[in-house]
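Report on the following structure.
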Amino acid sequence: MKIGEIANAAGVTTSRIRFYEKRGIIAPAARGPNGYRDYPEDLIVLLRFIEQAQGLGFTLREIASVEVRSGPHPVSCTEAISLLARKRDAVDALIAEAEERKRRIDSLISELQESQARSED
Numbered sequence: 204m205k206i207g208e209i210a211n212a213a214g215v216t217t218s219r220i221r222f223y224e225k226r227g228i229i230a231p232a233a234r235g236p237n238g239y240r241d242y243p244e245d246l247i248v249l250l251r252f253i254e255q256a257q258g259l260g261f262t263l264r265e266i267a268s269v270e271v272r273s274g275p276h277p278v279s280c281t282e283a284i285s286l287l288a289r290k291r292d293a294v295d296a297l298i299a300e301a302e303e304r305k306r307r308i309d310s311l312i313s314e315l316q317e318s319q320a321r322s323e324d
């Protein structure tokens, strides 16, 4: 399949495919006699997986480290569950950190409001 066909089918841009190829996220495409890239149809599933993983907060480095296989699921369910659980734990830690930061901000606002109210009396 040509790059435009793959891009349309996977819902990505052609430049995104070239970027993934340049960074080693996907294998380089074979070139036809005319010099055009010729991509295998199963790349559609992999591109969708990459986009979904990025949407869940995985970095390209994390995605590239995953052992990809062919078929309808580019990653084994066992590995996917493990990766997702670790990402969830990291998100939970970020949420806890943000909540603590918010608590400290709220506390400082309260202190400043009280100080302001005392100085206005």
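Under my numbering, the letters of the sequence shown match residues 204 to 324, in that order. Built from N, CA and C at the ideal position, the CB exists for glycine as well.
Assigned exposure category for residue i - 16 Cβ within 10 Å defines buried
i: L246; result: buried
i: A288; result: exposed
i: A256; result: buried
Proximal residues to residue i (C-beta, below 7 Å), its chain only, five neighbours per side dropped
i: G227; result: A267
i: L263; result: R226, I228
Test item: CB-CB of residue i and residue j under 8 Å
i: K205; j: Y239; result: yes
i: P275; j: V248; result: yes
i: E224; j: A232; result: yes
i: E244; j: V215; result: no
i: R251; j: A283; result: no
i: A210; j: I220; result: yes
DSSP state of residue i mapped onto helix, strand, coil
i: R329; result: Since the displayed the chain opens at 204 and closes at 324, residue 329 lies outside it and no answer follows.
i: A233; result: strand
i: D292; result: helix
i: D309; result: helix
i: R272; result: coil
Contacting residues, own chain, Cβ-Cβ under 6 Å from residue i (five flanking each side not counted)
i: V271; result: P277
i: A301; result: none
Any non-hydrogen atom of the ligand FAD within 7 Å of residue i CB
i: E314; result: The ligand FAD is not part of the structure shown, which contains no ligands of any sort.
Spatial neighbours of residue i in its chain, beta-carbon cut-off 8 Å, leaving aside the 5 residues before and after
i: L286; result: F261, E265, V269, V278
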